[in-house]
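Residue numbers (the numbering used here): 64 to 447.
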Amino acid sequence: MIRRAFTNSVKRIGDRRATKVIFVVIGALSVISGAVVYIDTANAAGTFTCKWADSACVVDADTIACEAEFTVRDQQCADLNQNDCEGGEFSCRSSVGISKAHLGLAEKVSNTYTWALGIGGMVALGIIIFGGVLYSASGGNPGRVEGPTLERLPGAGGLVGGIEELLMPPNIGSPMVDGYYQMPPPATPGLYVLNTNECGGDRELASACGNIETIQVLYTVATAWRENYPSEAPLYIRDINGDYLENACTTSRHETHELGTDADVLIGNYSVDDRIALAKLFIDTGYVTGILHSPGTLGSQPSSEAYRYINEVNAYFEQTQGDRLTPWNGQFARLDLDAGGRIKGHYAHFHVHVGDCFGGAAGTGIGCGIDCNTNCYVQTGCNP
């Protein structure tokens, strides 16, 4: 049911794209069909030539060979200089309107073919120029111009979410310092909530700033989560490349969130089954290499439900991504325990790690962001 719901939403997007293509094709065929009947190029009506006389290029009356109801195009000769005047041959045009020209079907098709070649050449030239502009503006990667997109890696998709590709927030802004992006407020209400650190200014901005791939992963999973679990939406997100801990507006920084590849996702009162489903959606993106989370309460021994979560999530990762991804710190789903085996943290949220940055993670092709860039505007230095 989960896969079907998300797949249907993907199909609806695909249907809209297909509809646009169909309208474009129908429009093009309509123009060409109309041109076959009404094209104003009368090659079959005869031709005429020009000659130079009295310092001007004029129609050569001796060579006019226009058929009945057709006439010469005087301006064609008048526009030529002396060097180009002699020998130019031009088509006659109708003098009474195309509806009375009585061209045969073969002549109409011939005219249309000539016209279509010209239009096709201009379209092809426009595509080449547009592609060149994209390539130049993107530094060799056309997908990174202003509204960046991330191509789907082989193997991404999964069995639960049916995620075919990473989505881009429609209101994403331009890249900021060091290529970092700020995750925007949701364009669709109820999709996700950004829990910033409320420190104000650059400090608050920092908790919603990171690599574009990290932002795409969070946005894609938030979309799939609401599609499949509307009663559990929105997704609560905090500390994307968090400079300062939430509500800790001091010099103490969130040390594991300074490379643009990590974020915290609050899970509130989600059941263990919900947590398993959410973790699987992150796996389905094909770009998440680890989640640190300890189902339970602070200081307690992990329960059987905690280990059920760990075992099911890791089995799913191995089943769907094990042949292409190496997990972060050796295991995709990990508990955060102290030396005595008791829960010491990450019991109320997921720490989500995107890409291959540190901890031995590999396979996504996504590296670390700029070290010590602790907000989107300026580099403020490493941890003390």
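Even for Gly, the Cβ is constructed at its ideal location relative to N, Cα and C.
Next item on the list: Please work out which residues of its chain come closer than 6 Å, Cβ to Cβ, to V256, disregarding the five sequence neighbours upstream and downstream, and give them in chain order.
Entry: Translated into the one-based positions of the sequence shown, residue 256 becomes position 193. For V256, where only same-chain residues beyond five positions count, the Cβ hits under 6 Å are P297, Y299.
Item checked: Whole-number beta carbon distance between Q394 and I346, since they are thought to touch under 8 Å -> Within the sequence shown, numbered from 1, the residue matching residue 346 stands at position 283. Within the sequence shown, numbered from 1, the residue matching residue 394 stands at position 331. Incorrect: roughly 13 Å between the Cβ atoms, too far for contact.
Note to self: Let me make sure I understand the geometry here. Which of T348, M185, I373 has the alpha-carbon closest to that of P358?
What the structure shows: Sequence index remark: in the sequence shown, residue 358 carries index 295 (1-based). Out of T348, M185, I373, I373 has the C-alpha closest to the C-alpha of P358.
Check: If you follow the alpha helix (DSSP H) that K343 is part of, which residue opens it and which one closes it?
Finding: Sequence index remark: in the sequence shown, residue 343 carries index 280 (1-based). Its alpha helix (DSSP H) spans residues 335-347.
Notebook entry, point to check: Does the beta-carbon of P248 have 16 or more other beta-carbons within 10 angstroms, so that it is buried, or is it exposed?
Noted result: As a first step, residue 248 must be located in the sequence shown, where it is residue number 185. Classification for P248: exposed.
Item checked: Spatial distance of D147 from L230 (CA atoms) -> Residue 147 sits at position 84 when you count from the first residue of the sequence shown. Residue 230 sits at position 167 when you count from the first residue of the sequence shown. So the two alpha carbons sit approximately 58 Å from each other.
Margin query: Judging by CA-CA distance, which residue of G236, Q145, D399 is the nearest neighbour of Y370?
Written below: Within the sequence shown, numbered from 1, the residue matching residue 370 stands at position 307. Ranking G236, Q145, D399 by Cα distance to Y370 puts D399 first.
Check: Excluding five sequence neighbours on each side, which residues of the same chain lie with their C-beta closer than 7 Å to the C-beta of V135?
Finding: Taking the sequence shown and counting its residues from 1, the one referred to as residue 135 is at position 72. Correct list, in chain order: F111, V122, I127, C129, C155.
Checklist line | Identity of the residues DSSP links to C120 by a beta bridge | finding: The residue labelled residue 120 in the question sits at position 57 within the sequence shown. C120 pairs with W115.
Margin query: Does Y450 come out as helix, strand or coil in the three-state DSSP assignment?
Written below: This structure does not reach residue 450, given that the chain is present from 64 up to 447, and the question cannot be answered.
Check: Is it the case that the Cβ atoms of Y350 and L341 are separated by a distance below 9 Å?
Finding: Numbered from its first residue, the sequence shown carries residue 350 at position 287. Numbered from its first residue, the sequence shown carries residue 341 at position 278. Going by C-beta atoms, Y350 is not nearer than 9 Å to L341.
Checklist line | Residues that DSSP places opposite F153 in a beta bridge | finding: Locating residue 153 in the sequence shown gives position 90, counting from the first residue. The partner list for F153 (beta bridge, DSSP) reads F111.
Next item on the list: Output the distance between the C-alpha atoms of G428 and G418, rounded to the nearest integer angstrom.
Entry: The residue you call residue 428 lines up with position 365 of the sequence shown. The residue you call residue 418 lines up with position 355 of the sequence shown. G428 and G418: Cα-Cα distance of roughly 7 Å.
Note to self: Out of L361, S363, L355, Q145, which one is the CA nearest neighbour of F413?
What the structure shows: Within the sequence shown, numbered from 1, the residue matching residue 413 stands at position 350. Of the listed residues, the one whose Cα sits closest to F413 is L355.
Item checked: Beta-carbon contacts of G425 that lie in its chain and below 6 Å, excluding the five residues immediately before and after -> As a working mapping, residue 425 is identified with position 362 in the sequence shown. First, the residue type needs correcting, since residue 425 is Ala and not Gly in the sequence shown. Correct list, in chain order: T389, D419.
Checklist line | DSSP-derived helix/strand/coil call for V328 | finding: Residue numbering aside, residue 328 sits at position 265 when the sequence shown is read from its first letter. Correct three-state label for V328: strand.
Notebook entry, point to check: Hey, would you say T324 sits closer than 9 Å to H416, going by beta carbons?
Noted result: As a working note, residue 324 is residue 261 in the sequence shown. As a working note, residue 416 is residue 353 in the sequence shown. Against a cut-off of 9 Å, the Cβ pair of H416 and T324 comes out as a contact.
Next item on the list: Name the two residues that bound the continuous alpha helix (DSSP H) containing I373.
Entry: Against the sequence shown, residue 373 aligns to sequence position 310. From DSSP, the alpha helix (DSSP H) with I373 extends over 367-384.
Item checked: For A425, the residue or residues it bridges with in DSSP -> Reading the sequence shown from its first residue, position 362 is the one you call residue 425. A425 is bridged to T389.
Item checked: Per-residue DSSP class, three states only, for V415 -> Numbered from its first residue, the sequence shown carries residue 415 at position 352. Correct three-state label for V415: strand.
Check: Short check: CB of A271 to CB of I226, under 9 Å?
Finding: Here residue 271 is taken as the residue at index 208 of the sequence shown, counted from 1. Here residue 226 is taken as the residue at index 163 of the sequence shown, counted from 1. Not a contact, by the Cβ cut-off of 9 Å.
Next item on the list: Would you identify the three-state DSSP class for A296, choosing helix, strand or coil?
Entry: Residue mapping note: residue 296 aligns to position 233 of the sequence shown, counting from 1. The answer is coil: DSSP assigns A296 none of H, G, I, E or B.
Margin query: For a test of the three-state rule: what should DSSP assign to V135, helix, strand or coil?
Written below: Residue numbering aside, residue 135 sits at position 72 when the sequence shown is read from its first letter. V135: coil per DSSP, three-state reduction.
Margin query: Can you tell me whether V240 is buried or exposed? The criterion is at least 16 other CB atoms within 10 Å of its CB, across all chains shown.
Written below: Position 177 of the sequence shown holds residue 240. V240 should be labelled exposed.
Notebook entry, point to check: Looking only at C-alpha atoms, which of L361, E381, Q382, V376 sits nearest to M403?
Noted result: To locate residue 403, count along the sequence shown from 1; it is residue 340. This sequence places Gly at residue 403; Met is not what is there. Closest option to G403, Cα to Cα, is L361.
Checklist line | Simplified DSSP state of N291, which is helix, strand or coil | finding: For the purposes of this step, residue 291 is taken as the residue at position 228 of the sequence shown. Looking at N291 - three-state DSSP - the assignment turns out to be helix.
Next item on the list: Could you check how far apart the C-beta atoms of L329 and N234 are, in whole angstroms? I think they sit under 8 Å.
Entry: As a first step, residue 329 is located in the sequence shown; it is residue number 266 there, counting from the start. As a first step, residue 234 is located in the sequence shown; it is residue number 171 there, counting from the start. Not really, about 22 Å apart at Cβ, beyond 8 Å.
Notebook entry, point to check: Any idea which residues DSSP pairs V280 with across the strands?
Noted result: Residue numbering aside, residue 280 sits at position 217 when the sequence shown is read from its first letter. Note: V280 sits in no beta bridge, so no partner.
Check: Does the beta-carbon of M185 have 16 or more other beta-carbons within 10 angstroms, so that it is buried, or is it exposed?
Finding: Locating residue 185 in the sequence shown gives position 122, where the first residue counts as 1. It is exposed - the Cβ of M185 has fewer than 16 other Cβ atoms within 10 Å.
Next item on the list: Determine which residues share a DSSP beta bridge with C272 and list them.
Entry: Reading the sequence shown from its first residue, position 209 is the one you call residue 272. According to DSSP, C272 bridges with Q245.
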